[in-house]
Amino acid sequence: MARAATTSDAFNAVAEPRRREILNYLALQERPVGEIVASLGFEQPSVSKHLRVLLEVGLVNVRRDGRRMFYRTNAEAIRPLHEWTETFERYWRHQLSRVKERAERKSNPSNGAVPDFSPSPRRKDDFDSNKN
């Protein structure tokens, strides 16, 4: 199956690590291209290319001030990415809680329980979007 173009949607756009770095850098405030180049250590043509992709999928907005272009993140466009990753955050939080419980049982032999380190089957509510 052919891979989707990086400009087709936000998920494909953020698959590129340098674009994620740029988004992280822009998260707190808008910045001009030159500052992004200087701070992240990427070549200017590369930064411009990545900003163009992020702009095309709507993850950043641009404002012109004279000859300078200022970029900032578009929080609303990033929301679907955040919501999608929350599913996995809940899953890993649940898994880490289970590891902690097992470790506590193992470190407290007075309860007479034998530690069980076998993997548990996943339950439907592990991925329930209403759980926290």
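Residue numbers for the sequence shown follow my numbering, so the first one is 5 and each next one is one higher.
Note that beta-carbon positions come from the ideal geometry of N, C-alpha and C, so glycine has one too.
Quiz item: Which partner residues of Pro-36 appear in the DSSP bridge assignment?
Solution: Answer is Phe-74.
Exercise. Could you please give me the residues that DSSP links to Asp-69 through a beta bridge?
Key: Residue pairing by DSSP places Asp-69 opposite Arg-72 in a beta bridge.
Self-check item: Through-space distance from Ala-17 to Lys-53, alpha-carbon basis
Solution: Lys-53 and Ala-17 have their C-alpha atoms spaced approximately 12 Å apart.
Quiz item: Can you give the Cα-Cα distance for Val-57 and His-86, rounded to whole angstroms?
Solution: The C-alpha of His-86 is placed about 19 Å away from the C-alpha of Val-57.
Quiz item: What did DSSP end up calling Gly-45 once you bin it into helix, strand or coil?
Solution: In the three-state reduction of the DSSP assignment, Gly-45 falls in the coil class, being assigned neither a helical nor a strand state.
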